[in-house]
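Comments concern the structure below.
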Amino acid sequence: MDEVKELVNLINKRIEDYRDLNRSNVNDDPIDYILSLGGKRVRSTLVLMSYKLFDSNIEIAIKPALAVELFHNFSLVHDDLMDDALIRRGMPSVHVKWDTNTAILSGDTILIKSYQFLEALPAEVLKLVFSIFNTVAIEVCEGQRLDILFEDIEKIEMSEYIRMIKYKTAVLIAASLKIGAVLGNAKQKDIDLLYEFGINIGIAFQLQDDMLDLYATSVSFGKKIGGDILENKKTFLFIKALELANCTEREDLLFWFRKRESDDLKISSVKGIYDKLNVKHHICEEIEHYYHKAKTILSQVSVSEDKKAMLYDFSKKLMSRKF
């Protein structure tokens, strides 16, 4: 078993232990439900990988990693509600399985529980980790606000979009790496480099999500293909298509995005425009740009290459995923 898989399994084991300890007597517990749905554990695993660059006593980083994992799940519950997303990891979203009020309260509770994992941190790092955690919490909420705001704006600049996905996705990945490095007593230069590595790999990760939303298969993706189109989300694909389109193509694209009806015809029509403009090629180029930048930054972190091999390998697997 490779080292990354061991760390993912460790996170999964500790989540199962946490669920066993906190499972209520009520059969339909929405918090236990969302934690039971699994996931790639990207952010929590990055906390551990970053820590292991500088120290081997991994137990110190476990609870902060779980804090990050719970925070991520809080954001998913609320995002699904705001986006009216019906499926999460192949199963009904919390607000679908229960109701709106339950989703709000469950998400809030998961957020509060995430902070409980930080309470036992040593005094010398507690304040700094709390500061990182609070900053990223505000930024993630700002990213979601911008994402919702963009739904009603037809013309979005690519720079505005990149800023939005930086906040919505990349900052939590970057903060995960930063927390691990802080716990490992890394030099400030290395902490900053790992944060910037996280920002760039996080942007590449979100751009890949944009691409997979339309170009993955439904079986592997775990949610409806073309969901971003149905929700009128202004992703990289839409913004780049508007940049490349002639007048007729532009009007066709805007026509479909102005339609509030959600159906397969809308998805196939928009995909037809994207395919004609070869937008998939452009997003793949952009993904590669940020991925290459991330690898360059990681190469500057002042630990041996063999220690960094795990992060290189993990990043490569993230960028080659099909779902």
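Under numbering that gives the first Met the number 0, the first residue of the sequence shown carries the number 0, and numbering increases by one thereafter. Idealized CB from N, CA, C, for every residue including glycine.
Closer than 8 Å by C-beta to residue i: which residues in its own chain qualify, once you throw out the five before and the five after it? Chain order, please.
i	result
Glu150	Glu230, Asn231, Lys232 and Lys233
Ser130	none
Val300	Leu52, Asp189, Leu192, Leu193, Phe196 and Lys307
Pro91	Leu85
Asp108	Position check: residue 108 holds Thr in this sequence, whereas Asp was assumed. Within the same chain, Thr108 has close Cβ partners Ile30.
Could you check whether residue j and residue i sit closer than 9 Å to each other, using their CB atoms as the reference points?
i	j	result
Leu75	Ser43	no
Leu52	Val302	yes
Val41	Leu317	yes
Leu127	Leu192	no
Lys62	Leu20	no
Ile57	Leu110	no
Glu141	Tyr160	no
His77	Gly106	yes
Val7	Gly179	no
Met163	Glu242	no
Ser314	Lys294	yes
Going by DSSP, what residues sit across from residue i in a beta bridge?
i	result
Arg87	Met90
With distances taken Cα to Cα, identify the nearest neighbour of residue i among the options.
i	options	result
Ala84	Ser261, Ile286 and Ile296	Ser261
Cys283	Asp208, Asp312, Ala308 and Leu252	Asp208
Arg144	Gly179, Asp82, Asp98 and Leu120	Asp82
Arg13	Leu45, Asp54, Glu68 and Arg320	Glu68
Asp227	Trp255, Lys186, Arg320 and Thr99	Trp255
Gln268	Leu310, Leu213, Ser55 and Tyr166	The identity of residue 268 in the sequence shown is Ser, whereas the question assumes Gln. Nearest option by C-alpha distance: Leu213.
Phe132	Lys177, Glu248, Asn245 and Arg249	Lys177
Arg249	Leu276, Val139 and Arg259	Leu276
Arg287	Met210, Asp274 and Cys246	The displayed chain sequence assigns Glu, not Arg, to residue 287. Here the closest residue by C-alpha is Met210.
Ala122	Leu148, Thr134 and Val181	Val181
Thr168	Lys186, Ile147, Lys270 and Val135	Val135
Lys186	His291, Lys292, Tyr50 and Thr99	Tyr50
Leaving out five residues on either side along the sequence, give the residues of the same chain with a beta carbon under 6 Å from the beta carbon of residue i.
i	result
Phe70	Ser113
Val278	Leu236, Lys239 and Ala240
Asp79	Arg87 and Ser92
Tyr273	Leu236 and Ala240
Asp54	Gly183
Val95	Leu85
Thr101	Pro29
Met48	Met309 and Leu310
Trp97	Pro29
Ile266	Gly225 and Ile228
What residues in its chain sit with their C-beta under 7 Å from that of residue i, if we drop five residues either side in the sequence?
i	result
Glu285	Leu206 and Phe235
Glu153	Leu253
Leu34	Ile14, Arg18 and Asn72
Asp312	Val3
Val326	Past the boundaries of the shown model lies residue 326; the chain is included only from 0 to 322, so the question cannot be answered.
Counting beta carbon pairs with one atom in the stretch 193-204 and one in the stretch 172-179, are three or more of them shorter than 8 Å? Contact between the stretch 172-179 and the stretch 193-204 is present, because at least three Cβ pairs lie under 8 Å.
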